[in-house]
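Here is the structure we will look at, set down as structure tokens.
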Amino acid sequence: MFVFNNILNSIKEKCYFTSLLFFILIPTILNGQIKYKNIADSLFSKSKIHLKKGEYDIALSLVEQSLLIFNKTKKYKAIADNYNQIATIYFYKSEFRKALTAFQKSKTFFKKADFKNGIASSTNNIGAIYYSLGNYSKAIDNYKWAIKIHEELQNEAQIAGTTQNIGNIYYVLNDFVNAKIYYEKAEKNHQKSKNNEALALVKSSLGRIYLKEKQFSKALIYFNTSLKLARDSNNKQVQTEVLYNIGDLYKSKKNFLESVKYLKQSVLIAEEIKNDLQKSTSLVTLGTVYLEFNKINLAISNCNKGLLLAEQIKTVSIQEEACKCLYEGYKSKNNLFKALQYNEQMYLLRDSLNLKQTSGKILNMKFEKEMLLDSIAHVEKERKVTLAHQKVVEKKEKQRNIFIIAGCFALLLAIGIFSRLNFVKKSKARLQVEKDRSEHLLHNILPEEVAEELKEKGYVDAQDFETTSILFTDFKSFTETASKLSPQELVEEINVCFKAFDNIMEQYNIEKIKTIGDAYMAAGGLPQPDINAVKNTIMAALDMQTFVSKRKRENDAQNKPAFEMRVGIHVGPIVAGIVGVKKFQYDIWGDTVNTASRMESNSEVGKVNISQDTYLLVKNEKDLAFEYRGKIATKGKGDLEMYFVSKALI
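Structure representation (structure tokens):
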């Protein structure tokens with residue numbers, strides 16, 4: 001710095017040096033930018049090649065590297081293209097929510113670049129994601145908006161593609177008349193533009209309609225044409241779908257050997273491109289075909305593979321079909337135990353599928369303004385704004401007073417400054433205490449991970465949990481016992497029990513959900529899954545019974561009324577999230593909760609009653625003992641197998 005100050009000792013010299021530096025550096029900078037842009041473009045192009053081959057992980061890695069480079073520039077269109085590529089990869093990987101986020105970012109950057117073609121494309125793709133998530137009204141809104149932009153730009157090919165997407169919605173809604181109208185419009189436009197990849201898709205879709213209408217000859221013509229177009233363009237994604245469609249067609253025609261041939265090809269290509277959704281679908285359908293001509297072992301093998309894959313990607317509808325196939329297979333082999341097991345699982349999945357349709361609104365719910373206004377984070381923010389405003393006002397007042405009394409009251413000014421600093425320090429300390437108190441209160445109301453998400457985002461996403469252990473307790477003859485206590489004594493007795501239960505939950509890492517009157521509800525395995533959750537829930541329940549029994553003995557010795565308790569536990573899938581805007585709470589829903597409640601109501605005093613599903617998960621635990629109770633009739637659930645569980649005597 002000293003050297004520069006000596007050299008640049010005049011305005012003229014400074015200007016000269018700056019100009020010289022400018023002309024030296026600019027070509028270097030431009031060359032560097034061009035070099036990095038070329039690298040990013042190359043990575044993006046390679047990603048597109050791997051995507052076309054179905055190599056999704058490689059394609060994703062390459063485009064993310066490209067995006068890192070472009071993010072350092074203001075090349076908004078290139079950034080948008082990269083996000084569009086990322087979203088497309090996630091779509092093919094069936095990770096629809098990630099795809100939606102990426103498409104929305106793509107649309108944002110296309111708007112910054114004022115690139116209308118890109119805006120229209122992203123809008124269309126967002127519609128496709130909503131279609132995949134089953135939100136057809138939002139899908140149609142986005143498709144229509146995309147068509148409007150494409151019509152302004154006179155993009156005939158894109159209008160055709162979006163028209164085809166609207167046809168897809170009518171197809172899903174079983175409105176084949178309208179679906180066919182939109183598909184045929186799209187087909188004509190694709191033929192004009194010679195877009196063979198898009199033409200392959202629309203012909204496959206028309207083939208599915210004719211298959212539904214049992215016009216097998218027409219359907220096969222469309223499928224074969226689609227397959228040829230897909231092979232010519234090396235589009236393996238379309239190939240595996242069309243091969244599945246042809247296999248499904250031959251299954252409908254009872255030509256099982258041909259069906260097996262095409263379904264096997266579909267499985268192989270789906271496996272090659274890592275399309276687990278199509279692979280699981282084809283495997284289960286292949287299993288059902290083997291059932292048709294009594295190849296039971298092959299049927300069971302393929303449906304088992306399909307079930308395992310469907311469980312991994314959490315597609316409940318395919319799991320249900322797989323369990324139905326396995327039920328039929330084991331029934332044919334007279335393995336009634338296995339058949340019954342899969343039959344029960346099939347009905348549970350069917351219930352879960354119905355639940356998912358209902359709870360989809362919960363999962364998509366974003367507690368935006370209401371939650372933000374009532375959240376602790378917002379209260380804290382308002383407090384900080386108020387404090388900052390207070391500081392500004394006080395500072396202005398202080399400055400005015402300083403000007404008035406400057407020179408005469410220097411000592412008082414010093415004292416005032418000291419007082420001010422002390423005040424700020426105390427204010428910060430009070431603010432920290434209030435913040436800590438607010439956080440402590442929030443963590444008492446919500447699980448830690450959920451509380452952190454609420455503070456960070458201002459809302460909380462609902463979540464699916466596949467395996468959660470639900471615990472219910474209830475005091476026997478509560479009303480009768482409560483009548484013998486004063487209101488204060490009753491509250492105190494319940495409080496003693498529930499405080500002990502809270503400590504037990506914390507010991508075993510079980511999440512307390514809520515209390516309803518004299519009932520206590522908790523869940524293991526959320527908000528973070530835990531492989532020990534089921535056993536820990538049982539151990540917690542046994543400790544709760546031990547505490548209540550001990551409390552009763554103590555009260556009996558003093559001739560005081562005491563509670564006795566039933567406990568029930570069931571394991572299964574649930575949906576968890578926050579409900580309400582004011583006095584919100586973390587809650588859970590699902591058929592699993594109802595079954596757990598039935599386990600409690602059919603339990604006995606001093607006992608822990610568990611379901612068959614719970615027993616199967618812990619039956620090999622050496623420190624637990626089980627007493628089979630047989631099938632017991634339950635309200636609304638039919639006959640359910642139940643077990644009493646206790647600590648084993650060692």
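Each residue of the sequence shown is one higher than the one before, counting from 1 in the UniProt record's numbering. Glycine included, each C-beta is placed from N, C-alpha and C at the ideal position.
Inset, instruction - Taking 8 Å as the threshold, find out whether the stretch 526-539 comes into contact with the stretch 609-629 through three or more Cβ pairs. - result: Yes, the stretch 526-539 touches the stretch 609-629.
Inset, instruction - Would you check if the stretch 546-553 and the stretch 477-486 touch, i.e. whether three or more CB-CB distances between them fall below 8 Å? - result: At 8 Å Cβ cutoff, the stretches do not touch.
Legend entry - Cβ contact check for the stretch 258-265 and the stretch 228-248: 3 or more pairs under 8 Å: Of all C-beta pairs linking the stretch 258-265 to the stretch 228-248, three or more are shorter than 8 Å, placing the two stretches in contact.
Legend entry - Paired residues, beta bridge with residue 161 - DSSP: In the DSSP output, where bridge partners are listed per residue, residue 161 has none listed.
Inset, instruction - Tell whether a beta-carbon distance below 7 Å holds between residue 500 and residue 510. - result: Cβ atoms of residue 500 and residue 510: not closer than 7 Å.
Legend entry - C-alpha distance - residue 720 paired with residue 216, whole-angstrom precision: Residue 720 is absent from the structure shown; the chain starts at 1 and stops at 650.
Legend entry - Reference residue 475; option with closest CA among 607, 508, 505 and 526: The residue among 607, 508, 505 and 526 with its C-alpha nearest the C-alpha of residue 475 is 607.
Inset, instruction - Indicate whether residue 80 and residue 106 have their beta-carbon atoms separated by less than 7 Å. - result: Yes. Within cutoff.
Legend entry - Nearest-angstrom Cα separation, counted from residue 599 out to residue 567: Residue 567 and residue 599 have their alpha carbons spaced roughly 8 Å apart.
Inset, instruction - My understanding is that residue 207 touches residue 233, with C-beta atoms under 8 Å, so please give their C-beta distance in whole angstroms. - result: No, residue 207 and residue 233 are not in contact; Cβ-Cβ is about 17 Å, not under 8 Å.
Legend entry - 8 Å contact criterion, which residue 283 and residue 314 should meet: CB distance rounded: Rounded, the Cβ-Cβ distance is 16 Å, inconsistent with contact.
Inset, instruction - Along the beta strand (DSSP E) that carries residue 474, what are the first and last residues, could you check? - result: If you look at residue 474, you'll find it in the beta strand (DSSP E) that goes 463-475.
Inset, instruction - Give a yes or no on whether the C-beta atoms belonging to residue 569 and residue 610 are separated by under 7 Å. - result: A distance below 7 Å separates the beta carbons of residue 569 and residue 610.
Legend entry - Collapsed DSSP secondary structure at residue 63 in the structure displayed: Three-state result, residue 63: helix.
Legend entry - Spatial distance of residue 114 from residue 69 (CA atoms): Residue 114 and residue 69 have their C-alpha atoms spaced approximately 21 Å apart.
Legend entry - Where residue 518 falls: helix, strand or coil (DSSP): Three-state result, residue 518: coil.
Inset, instruction - Under 6 Å Cβ to Cβ from residue 78, same chain only, skipping five residues before and after it: list those, please. - result: Cβ neighbours of residue 78 beyond the five flanking positions: 70.
Inset, instruction - Buried or exposed for residue 639, please, with buried defined as at least 16 other CB atoms from any protein chain shown within 10 angstroms of its CB. - result: Exposed: under 16 other Cβ atoms inside 10 Å.
Legend entry - Where the alpha helix (DSSP H) through residue 579 begins and ends: Counting along the chain, residue 579 falls outside any alpha helix (DSSP H), though it belongs to the beta strand (DSSP E) covering 565-579.
Legend entry - Proximity of residue 96 and residue 133 at Cβ, strictly below 7 Å: In contact: residue 96 and residue 133 (Cβ atoms closer than 7 Å).
Inset, instruction - Please determine, among 495, 54, 90 and 148, the residue with the shortest C-alpha to C-alpha distance to residue 64. - result: The option with the nearest alpha carbon to residue 64 is 90.
Legend entry - Cβ neighbours of residue 66 in the same chain (closer than 6 Å, five flanking residues each side left out): Within its own chain, the residues whose Cβ lies closer than 6 Å to the Cβ of residue 66, once the five positions on either side in sequence are excluded, are 40, 43, 44 and 82, listed in chain order.
Inset, instruction - Mind the definition here: the stretch 314-330 touches the stretch 269-289 only if three or more C-beta pairs lie below 8 Å; say whether that holds. - result: With the cut-off at 8 Å, the stretch 314-330 and the stretch 269-289 touch.
Legend entry - Best match in 275, 642 and 597 for proximity to residue 635 [C-alpha to C-alpha]: A check of alpha carbon separations from residue 635 across 275, 642 and 597 identifies 597 as the nearest.
Inset, instruction - Grab the span of the alpha helix (DSSP H) containing residue 240 for me, first residue to last. - result: According to the DSSP assignment, residue 240 belongs to the alpha helix (DSSP H) that extends over 236-252.
Inset, instruction - Kindly indicate which three-state DSSP category residue 452 falls into: helix, strand or coil? - result: Helix.
Legend entry - Beta-carbon contacts of residue 136 that lie in its chain and below 6 Å, excluding the five residues immediately before and after: So the list reads 169, once near-sequence residues are dropped.
Legend entry - Closest by C-alpha distance to residue 273, when choosing among 54, 50 and 253: Answer by Cα proximity: 54.
Inset, instruction - Quick one: using the 10 Å Cβ neighbour count with 16 as the cut-off for buried, is residue 62 buried or exposed? - result: Flag for residue 62 reads buried.
Legend entry - Secondary structure of residue 634, DSSP reduced to three states: Residue 634 falls in the strand class under three-state DSSP.
Legend entry - Within 7 Å, strictly: CB atoms of residue 202 and residue 187: Closer than 7 Å, so yes.
Inset, instruction - Give a yes or no on whether the C-beta atoms belonging to residue 296 and residue 332 are separated by under 7 Å. - result: Going by C-beta atoms, residue 296 is nearer than 7 Å to residue 332.
Inset, instruction - Express the C-alpha separation of residue 120 and residue 336 in angstroms, rounding to a whole number. - result: Annotation: residue 336 to residue 120 spans about 56 Å, alpha carbon to alpha carbon.
Inset, instruction - Determine the closest residue to residue 86 out of 116, 122 and 117, with distance taken between C-alpha atoms. - result: The residue with the shortest Cα to Cα distance from residue 86 is 122.
Inset, instruction - Look up residue 649 in the DSSP assignment and say whether it is helix, strand or coil. - result: Assignment of residue 649 by DSSP, reduced to helix, strand and coil, places it in the coil class.
Legend entry - Buried versus exposed, by CB contacts within 10 Å (16 or more), residue 468: Of the other Cβ atoms in all chains shown, 16 or more fall within 10 Å of the Cβ of residue 468; this residue is therefore buried.
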